[in-house]
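A.B. asks: Take a look at the following structure, please.
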Amino acid sequence: MAAVKSKIRETIKRDAKETADDKLPMKLRQLKERLRPLVNHQIYGRKLDLSDVALSKWLKVSELDVILADAKMRKSLEFREQMSVDKLLKEYKPPGCIFDYYAGGLCGVDKSGSPVYYELYGLLNLKSLLKVLGKGGLIKYKLYQHEKILQYLKKLSKRKGKTIDAILVIVDLQFSTKEHLFSSEILLWSEILELLVEHYPCLFKEILLINTPDWHTDVKASLQPYLSKDARNLVNVLEKNVLPGLLHRIQKKHIPAYLGGEKSDLDTHKYCRLNVDYWNMQIPGWMKVTDARNRGDNAGVVAPGVRKIQEYSIQTASTTISWQFSSVSQSVVFCIYQNSLGNRNRVVTSQLSPSESQTEEGQVVCPAPGRYLVVIDNRANSNKQTQVIYQILIREPEVENVEDKDLSK
């Protein structure tokens, strides 16, 4: 019976979509006619986008109601003029405090190629931002941010040869306190989300809430009073084991390491350094990351008086080998050799010492393909084993990095 009901629902949805698709050309013509008087408007005329793609989005969020779509477009034009949105990319510079208190950014793509935006809500310090920026200043920054995203999507579409005009949003509630979720902060965040959904139609494919606190029974329900139907329909919640839900939407190589994926930045930071200063510096900014996989052990023991040797077959010149030792129980020597052991073949040598506050890290660019030996040398400690926690990452040169560089021009 359940299977029959599910099939009926799918049939109804398919029929509704086919009906909507049939009506769309007529609705587009009607909406263009209603908006045509604005073409010669002194202020709004040059900002009006009458392309089928743009109008289709407004019709979609208006459920093909031409009058409602017309009203929403006019309201958005007025809002953009009032907030000088079209000037933000040229004239607005985000204040420095944003870099200290706002955690989030673009990281990887979903299975359809759309960028994924992570909002680390549990790490946000909205109270401090409000003291410095005020509500208007914070809204202005979020508008600037989404104008940047639109700009990036246009360049990405051109680069990929297909239209990419939406993003997947993941809101991480890890580390959220009751102050985050039961105070004016969640009201402000909801208001900003509502504003973005209203003025950037169809930009968000889905808004996915993850890592909800144990003490909060239903985050989505608590947001409902503050969100419109359009915004509520975008919000979904993943239960405690988030990785399977993310893998349904995103390939593992594009998921940040801290969520169980394989994506880390150049210094193997598992959070991919979700920090807005990268965004300010270049597009796609914030998340200057690579699809590096951890090919080394996360932890290990090197026996007294011996060397631990790991071999890597490097296929391409200019491949980068990077390392990070987060814990070393006693001093050891770290080396990398090309082709075979021996002083003449050594390309890296470093003395690793115990430290409670610092991480030993570095990288080397392989001059040629071949066999590379990564060595942790404990021969100086003949009576005591050495415990190490570390990562070795291999990053091949990627065309993507060159393209990202071009985008920043």
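Taken in order, the sequence shown gives residues -10 to 398; the numbers are from my numbering.
Ideal placement from N, C-alpha and C gives every residue a C-beta, glycine not left out.
In this text, all values refer to a predicted model and were calculated from it rather than measured experimentally.
#1: Spatial neighbours of isoleucine 153 within its chain, please: C-beta separation below 8 Å, excluding the five flanking residues on both sides.
#2: Please work out which residues of its chain come closer than 7 Å, Cβ to Cβ, to proline 386, disregarding the five sequence neighbours upstream and downstream, and give them in chain order.
#3: Have a look at leucine 118 and valine 317 and give me their C-alpha separation to the nearest angstrom.
#4: From which residue to which residue does the beta strand (DSSP E) around aspartate 296 run?
#5: So, does the stretch 79 to 86 touch the stretch 222 to 233, judging by three or more C-beta pairs under 8 Å?
#6: Relative to the alpha-carbon of glutamate 300, which residue among Leu382, Leu77, Gly111 and Met62 has its alpha-carbon at the smallest distance?
#7: Using 10 angstroms around the beta-carbon of arginine 238, count the other beta-carbons present and answer buried if the total reaches 16, otherwise exposed.
#8: Identify, in the order they occur along the chain, each residue of the same chain with its Cβ nearer than 8 Å to the Cβ of alanine 292, setting aside the five sequence neighbours on each side.
#9: Nearest by alpha-carbon distance to serine 321: which of Val337, Trp312, Gln313 and Leu341 is it?
#10: For leucine 382, name the three-state secondary structure that DSSP assigns.
#11: Roughly how many angstroms separate the alpha carbons of arginine 23 and aspartate 59, rounded to a whole number?
#12: When the Cα atoms are used, what is the spatial distance from valine 28 to valine 74?
#13: Quick check on DSSP: helix, strand or coil for glutamine 313?
#14: Checking 8 Å against the spacing of the C-beta atoms, do isoleucine 303 and tyrosine 379 come in under that value?
#15: Going by DSSP in three states, serine 229 sits in which element: helix, strand or coil?
#16: Among the residues of its own chain, which have a CB less than 6 Å from the CB of aspartate 161, if the five just before and after it don't count?
#17: Using three-state DSSP, classify isoleucine 244 as helix, strand or coil.
#18: For alanine 357, which residues of its own chain have a beta-carbon under 7 Å away from its beta-carbon, when the five flanking residues on both sides are left out?
#19: So, at 6 Å on beta carbons, what are the nonlocal neighbours of valine 55 in its own chain, with the 5 sequence-adjacent residues on each side left out?
#20: Using 10 angstroms around the beta-carbon of histidine 30, count the other beta-carbons present and answer buried if the total reaches 16, otherwise exposed.
#21: What is the rounded straight-line gap between the Cα of lysine 36 and the Cα of leucine 66?
#22: Of all the CB atoms in chain D, is at least one closer than 8 Å to the CB of glycine 249?
#23: Verify whether the separation of the beta carbon atoms of isoleucine 156 and tyrosine 106 is less than 8 Å.
#24: Given a threshold of 16 other Cβ atoms within 10 Å of its Cβ, counted over all protein chains shown, does proline 190 qualify as buried or as exposed?
#25: Cα-Cα, which of His243, Pro14, Leu77 and Pro343 is closest to leucine 139?
#26: Skipping 5 residues on each side, what residues in its chain have a beta carbon closer than 8 Å to that of aspartate 219?
#27: With distances taken from CA atoms, which of Leu177, Leu57 and Val354 is nearest glycine 123?
#28: I'd like the span of the beta strand (DSSP E) that includes isoleucine 159, first residue to last.
#29: Going by other Cβ atoms of all chains shown within 10 Å of its Cβ, with 16 needed for buried, is lysine 129 buried or exposed?
#30: Could you tell me the boundaries of the beta strand (DSSP E) in which glutamate 350 lies?
#31: Per DSSP, arginine 360 is paired with what?
#32: Please report the straight-line C-alpha distance between isoleucine 196 and leucine 182, rounded to a whole angstrom.
C.D. replies: Looking at the atomic coordinates:
#1: Translated into the one-based positions of the sequence shown, residue 153 becomes position 164. Within the same chain, isoleucine 153 has close Cβ partners Gly102, Ser103, Pro104, Leu142, Leu145 and Ser146.
#2: Stepping through the sequence shown from its first residue, residue 386 is reached at position 397. These residues qualify, in order along the chain: Thr305, Ser307 and Thr308.
#3: Along the sequence shown, read from residue 1 onward, the residue named residue 118 stands at position 129. Along the sequence shown, read from residue 1 onward, the residue named residue 317 stands at position 328. In this structure, the straight-line span from the alpha carbon of leucine 118 to that of valine 317 is close to 39 Å.
#4: Here residue 296 refers to the residue found at position 307 of the sequence shown. According to the sequence as given, residue 296 is arginine; it is not aspartate. Going by DSSP, arginine 296 is part of the beta strand (DSSP E) stretching over 296 to 303.
#5: No: the two stretches stay apart, fewer than three of their Cβ pairs being nearer than 8 Å.
#6: Your numbering for residue 300 matches position 311 in the sequence shown. It is Leu382 whose Cα lies nearest to the Cα of glutamate 300.
#7: Taking the sequence shown and counting its residues from 1, the one referred to as residue 238 is at position 249. Classification for arginine 238: buried.
#8: To locate residue 292, count along the sequence shown from 1; it is residue 303. Excluding sequence neighbours, alanine 292 sits near Asn367 and Gln374.
#9: Residue numbering aside, residue 321 sits at position 332 when the sequence shown is read from its first letter. This sequence places valine at residue 321; serine is not what is there. The shortest Cα separation from valine 321 among Val337, Trp312, Gln313 and Leu341 belongs to Leu341.
#10: Position 393 of the sequence shown, counted from the first residue, corresponds to residue 382. Here leucine 382 sits in strand by DSSP.
#11: Taking the first residue of the sequence shown as position 1, residue 23 is located at position 34. Taking the first residue of the sequence shown as position 1, residue 59 is located at position 70. Rounded to whole angstroms, arginine 23 to aspartate 59 spans 7 Å at the Cα level.
#12: Position 39 of the sequence shown, counted from the first residue, corresponds to residue 28. Position 85 of the sequence shown, counted from the first residue, corresponds to residue 74. Their backbone Cα atoms lie some 19 Å apart in a straight line.
#13: The residue you call residue 313 lines up with position 324 of the sequence shown. Three-state result, glutamine 313: strand.
#14: The count along the sequence shown starts at 1 and reaches residue 303 at position 314. The count along the sequence shown starts at 1 and reaches residue 379 at position 390. No, the Cβ-Cβ distance between isoleucine 303 and tyrosine 379 is not below 8 Å.
#15: The residue you call residue 229 lines up with position 240 of the sequence shown. Strictly speaking, residue 229 in this sequence is lysine, with serine absent from that position. Three-state result, lysine 229: coil.
#16: Along the sequence shown, one-based indexing puts residue 161 at 172. Take aspartate 161, set aside five residues on each side of it, and the residues of its chain with a beta-carbon closer than 6 Å to its own are Leu109, Ile199 and Asn200, in chain order.
#17: Position 255 of the sequence shown, counted from the start, is the residue given in the question as residue 244. Three-state result, isoleucine 244: coil.
#18: For the purposes of this step, residue 357 is taken as the residue at position 368 of the sequence shown. Closer than 7 Å at the Cβ level, and outside the excluded window around alanine 357, lie Ala306.
#19: Taking the sequence shown and counting its residues from 1, the one referred to as residue 55 is at position 66. Within the same chain, valine 55 has close Cβ partners Lys16, Gln19 and Leu20.
#20: Reading the sequence shown from its first residue, position 41 is the one you call residue 30. By the neighbour-count rule (16 or more Cβ atoms within 10 Å), histidine 30 is not buried but exposed.
#21: To locate residue 36, count along the sequence shown from 1; it is residue 47. To locate residue 66, count along the sequence shown from 1; it is residue 77. Cα to Cα, the separation comes out at about 8 Å.
#22: Here chain D cannot be found, since the structure has a single protein chain.
#23: Counting from 1 along the sequence shown, the entry for residue 156 is found at position 167. Counting from 1 along the sequence shown, the entry for residue 106 is found at position 117. For isoleucine 156 and tyrosine 106, yes; Cβs fall inside 8 Å.
#24: What you label residue 190 is simply residue 201 of the sequence shown in a count that begins at 1. Taking every protein chain shown into account, the CB of proline 190 has 16 or more other CB atoms within 10 angstroms, so this residue is buried.
#25: Numbered from 1 along the sequence shown, position 150 holds the residue referred to as residue 139. For the residues His243, Pro14, Leu77 and Pro343, the minimum Cα distance to leucine 139 belongs to Leu77.
#26: Taking the first residue of the sequence shown as 1, we reach residue 219 at position 230. Result list for aspartate 219: Val50, Val186 and Glu187, in chain order.
#27: One-based indexing of the sequence shown puts residue 123 at position 134. Nearest to glycine 123 by alpha-carbon distance, out of Leu177, Leu57 and Val354, is Leu177.
#28: Start at 1 with the first residue of the sequence shown, and residue 159 comes out as number 170. Counting along the chain, isoleucine 159 sits inside the beta strand (DSSP E) bounded by residues 156 to 161.
#29: Here residue 129 corresponds to residue number 140 of the sequence shown, with the count starting at 1. Lysine 129 should be labelled buried.
#30: Taking the first residue of the sequence shown as 1, we reach residue 350 at position 361. Segment 349 to 354, the beta strand (DSSP E) holding glutamate 350.
#31: The residue given as residue 360 occupies position 371 in the sequence shown. Beta-bridge pairing links arginine 360 to Ser302.
#32: If you number the sequence shown from 1, residue 196 lands on position 207. If you number the sequence shown from 1, residue 182 lands on position 193. If you draw a straight line from the Cα of isoleucine 196 to the Cα of leucine 182, it comes to about 10 Å.
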